[in-house]
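Numbered per our numbering, the sequence shown spans residues 4 to 698.
Beta carbons: idealized from backbone N, C-alpha and C, even for Gly.
To keep things clear, I will list the structure first and then write my remarks on it.
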Amino acid sequence: MAKNAKPTGAPTIGNSGEVHQTASTPEPRLTTNHGTPISDNQNSLKAGPRGSTLLEDFILREKIQHFDHERIPERIVHARGSAAHGFFELTDSLSEFTTAKILTEVGKKTELFTRFSTVAGGAGSVDTPRDVRGFAVKFYTTEGNWDLVGNNIPVFFIQDAIKFPDLIHSVKMEADKGYPQAASAHDTFWDFIGLMPESMHMVMWAMSDRGIPRSLRMMEGFGVNTFRLINAEGEATLVKFHWRPKLGTQSTCWDEAVKIAGADPDYHRRDLYEAIDQGDFPEWEFGVQLFTQDQADALPFDILDATKLVPEEDYPIRVIGRMVLDRNPDNFFAETEQVAFLPTNIVPGIDFSEDPLLQGRLFSYQDTQLSRLGTVNFHQIPINQAKGCPFQNFQRDGHMQMAVPKGRANYEPNSLSEAGEDGGPREDPKGGFRTAPIRVEGEKVRLRAESFADHYSQARLFFRSQTEIEQAHLASAIVFELSKVSLAHVRERVLANLQNVDKTLAQRVADGLNLPLPEASDPGVAPIDLDASPALRIVGKYPDTLKGRKVAILVADGSDGAVVDAVKAEVEGDGGSVFIVAPKIGGAKLKDGKSLPADGQLAGSPSVLFDAVAIVLSEDGCAQMLKEGAAVDFTKDAFGHLKAIGHTAEAQPLLDKAGVEPDAGVIDLSKAPKGLLAPARTRQWDRELKVRMLA
Ligand code: HDE
4 MAKNAKPTGA PTIGNSGEVH QTASTPEPRL TTNHGTPISD NQNSLKAGPR GSTLLEDFIL
64 REKIQHFDHE RIPERIVHAR GSAAHGFFEL TDSLSEFTTA KILTEVGKKT ELFTRFSTVA
124 GGAGSVDTPR DVRGFAVKFY TTEGNWDLVG NNIPVFFIQD AIKFPDLIHS VKMEADKGYP
184 QAASAHDTFW DFIGLMPESM HMVMWAMSDR GIPRSLRMME GFGVNTFRLI NAEGEATLVK
244 FHWRPKLGTQ STCWDEAVKI AGADPDYHRR DLYEAIDQGD FPEWEFGVQL FTQDQADALP
304 FDILDATKLV PEEDYPIRVI GRMVLDRNPD NFFAETEQVA FLPTNIVPGI DFSEDPLLQG
364 RLFSYQDTQL SRLGTVNFHQ IPINQAKGCP FQNFQRDGHM QMAVPKGRAN YEPNSLSEAG
424 EDGGPREDPK GGFRTAPIRV EGEKVRLRAE SFADHYSQAR LFFRSQTEIE QAHLASAIVF
484 ELSKVSLAHV RERVLANLQN VDKTLAQRVA DGLNLPLPEA SDPGVAPIDL DASPALRIVG
544 KYPDTLKGRK VAILVADGSD GAVVDAVKAE VEGDGGSVFI VAPKIGGAKL KDGKSLPADG
604 QLAGSPSVLF DAVAIVLSED GCAQMLKEGA AVDFTKDAFG HLKAIGHTAE AQPLLDKAGV
664 EPDAGVIDLS KAPKGLLAPA RTRQWDRELK VRMLA
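Have a look at this one:
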């Protein structure tokens, strides 16, 4: 339950900031938006008790009108998001490279607000589709807000911002049909992908298990675009930003993700909220990859091309700080919905690169906020305010102006101070933001640089760096997606392009579709074989702990409370949490006659929602559960989704009915009471090929 109880009720906004009391009620007084006390909130004003409602009823009109306008346009991308407050703490100074205070003041904590999101689905869509995840952080620094608006994948689909509307139109629901919602498995997306080979690297990432994260707390984050750091001498160093989750990068299985969508559409949002609410604060390391321009020039690709990454093995990540999310928003709309991230929110000492994707982003975000939030004054909304460094300038007026500037200084230069008046703020030539004097010249052209032309080498690098299981997942994901594509020529073109990534991958996908492999397409520039990058894998790298993981204990009448207690103690001792599932929400009557309340009812708590399960049943309880489809599915899915299953000997008939075969992840708790812990920390990857046919 909530540890930090929050005040609820109507906000009180007024010059005095006081809570208005009424004489006649002990509660704060209900008023209109303009402060008029309301005497009756149950009945509209009518001409007689049965008469028509009167236009004069300003209380009714204000209330209904406000309600009519409660929704604002949702974000055209990243509409579905979940966010939290927290702080950033610098542990290693970059003062050699930058003057930015946030990157040089070791030990200083800076407040921040982080919003995670899916990309394609609407605001009310589910949390677990196959998709890229947004990872946007707003740091309230003492030098103004710095927004690092990244994703959980370090590269992007396209190289030039001018293609973004096309990419997004293609992936969103099809324009005529209005479906599919939150899914890339359809004609128009794969049509676009097939025609844009530069997207192939990102497609590899999106089709890998990174596209179906287990939790927002278990995702990496990347700034994606290359930025610059600028030091006191004005020297520039190229930089890429990274977030690494303390809980490791973990994912779901595809079949599991699909089932979670039905069982709990808010799976990720709930997980983030509950973890923070219970004081289990998610944490990420913050790291940088730094390069000189000469080092960047020596790379076999262009550092301005956002479809490319810089392998960690070549340029290790230097960890310089940490982010902790320790407070849930008080109000979803006011904070998570109204937060406006802007890549143009930058601080002195950090600068942009010429990456043509980033350059377009510098325009788009400011522009989109105007239609979404409806005013140039969206920076005055509390969540967007520059808390660490209040803004002061001469911009005035506009819709929804909240500030009341004093005096007549609304222009600059002015000499009003010479007459004793407040002349307002002035530019700061030394401490203000300065653009690095990078040389740019050339003819005005609409061209893609030659150095952006290799579209396949890094897609190949990603695929070949994966473990066998991950390669099989990736191939199967493409088979799934292309199986939903109805246009034969679109499937064929993707198969032709895939051969430039890896011939075995293309063959596996063709076999999975039961289609002939067409001729390879012309790659333009022939791909090169780069050294594998093990850093790109996630299988085999789960941290050796149950921290952040959830174990369900299935009980029914007659279950042995001692076994339940033992599992609970072990799991909690290792940092995990337990969730009691019973056929009825009122709980079960245990063997010793005591009753055990349930956290969830069996039909509403399928095993897809947990990382491991313990099936603690008596002989009678098991006989009952054999007749309950939800119990059979619970067990069957836990096995199919490679989860550890602890069980009492009496539960064996249920395991048999669910098709559970013995392996290292299936533990008879009567023989090995502590045996569940180690397998519950990971998935039983060895089981994978026994439970499904992968491409
Ligand atoms: Fe975005 N993107 N984007 N994007 N993006 C938006 O801005 C855009 C790109 C990212 O939680 C929009 O405020 C263009 C890359 C995140 O509120 C919009 C291009 C990356 C979020 C926009 C890109 C991102 C957005 C919609 C190609 C990873 C959600 C609402 C040049 C580095 C932020 C909004 C939040 C949101 C434009 C590409 C990340 C329309 C034109 C690359 C995490 O302005």
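Cβ of residue i within 7 Å of any chain C Cβ
i: residue 650; result: As a matter of chain content, chain C is missing from the structure shown, which is built from one protein chain.
Under 7 Å between C-beta atoms of residue i and residue j
i: residue 266; j: residue 131; result: no
i: residue 242; j: residue 291; result: yes
i: residue 462; j: residue 504; result: yes
i: residue 510; j: residue 523; result: no
i: residue 137; j: residue 154; result: yes
i: residue 356; j: residue 229; result: yes
i: residue 193; j: residue 497; result: yes
i: residue 239; j: residue 515; result: no
i: residue 170; j: residue 140; result: no
i: residue 661; j: residue 638; result: yes
i: residue 231; j: residue 499; result: no
i: residue 174; j: residue 156; result: no
i: residue 633; j: residue 606; result: yes
Whole-angstrom distance between residue j and residue i, CA atom to CA atom
i: residue 329; j: residue 445; result: 49 Å
i: residue 378; j: residue 304; result: 41 Å
i: residue 580; j: residue 677; result: 16 Å
i: residue 19; j: residue 382; result: Confidence at residue 19 is low in this model, with a pLDDT of 47, below 50, so the placement of that residue is unreliable and no value is reported for it.
i: residue 478; j: residue 374; result: 40 Å
i: residue 401; j: residue 334; result: 26 Å
i: residue 380; j: residue 342; result: 13 Å
i: residue 537; j: residue 468; result: 6 Å
i: residue 644; j: residue 387; result: 41 Å
i: residue 586; j: residue 513; result: 44 Å
i: residue 459; j: residue 530; result: 5 Å
i: residue 315; j: residue 247; result: 13 Å
i: residue 59; j: residue 279; result: 47 Å
i: residue 64; j: residue 71; result: 10 Å
i: residue 654; j: residue 668; result: 16 Å
i: residue 577; j: residue 287; result: 20 Å
i: residue 657; j: residue 77; result: 46 Å
i: residue 210; j: residue 276; result: 27 Å
i: residue 224; j: residue 42; result: 52 Å
i: residue 545; j: residue 133; result: 21 Å
i: residue 285; j: residue 332; result: 15 Å
i: residue 97; j: residue 359; result: 27 Å
i: residue 447; j: residue 441; result: 18 Å
i: residue 352; j: residue 670; result: 56 Å
i: residue 190; j: residue 57; result: 53 Å
i: residue 302; j: residue 395; result: 43 Å
i: residue 623; j: residue 630; result: 12 Å
i: residue 125; j: residue 51; result: 45 Å
i: residue 99; j: residue 321; result: 14 Å
i: residue 695; j: residue 203; result: 26 Å
i: residue 517; j: residue 256; result: 23 Å
i: residue 166; j: residue 452; result: 15 Å
i: residue 5; j: residue 602; result: Any answer about residue 5 is weak, because its pLDDT of 39 lies below 50 and its placement is not dependable; what the coordinates show is given next. Residue 5 and residue 602: Cα-Cα distance of roughly 15 Å.
For residue i, the residue or residues it bridges with in DSSP
i: residue 669; result: 648
i: residue 231; result: 241 and 354
i: residue 292; result: 243
i: residue 613; result: For residue 613, which the question treats as bridged, DSSP gives no partner whatsoever.
i: residue 566; result: According to DSSP, residue 566 bridges with nothing at all.
i: residue 326; result: 91 and 287
i: residue 254; result: 216
i: residue 154; result: 137 and 225
i: residue 114; result: 90
i: residue 701; result: No statement about residue 701 is possible, as the shown extent of the chain runs from 4 to 698 and does not include it.
i: residue 84; result: 120
i: residue 582; result: 555
Cβ separation of residue i and residue j, assumed to be a contact under 8 Å, to the nearest whole Å
i: residue 528; j: residue 312; result: Their Cβ separation, rounded to whole angstroms, is 18 Å, which puts residue 528 and residue 312 out of contact at 8 Å.
i: residue 554; j: residue 613; result: 6 Å
i: residue 121; j: residue 178; result: The pair is not a contact, with the Cβ atoms about 20 Å apart (cut-off 8 Å).
i: residue 489; j: residue 271; result: That belief does not hold up - the Cβ atoms of residue 489 and residue 271 are roughly 30 Å apart, past 8 Å.
i: residue 541; j: residue 212; result: 6 Å
i: residue 689; j: residue 666; result: 7 Å
i: residue 558; j: residue 591; result: 5 Å
i: residue 233; j: residue 354; result: 5 Å
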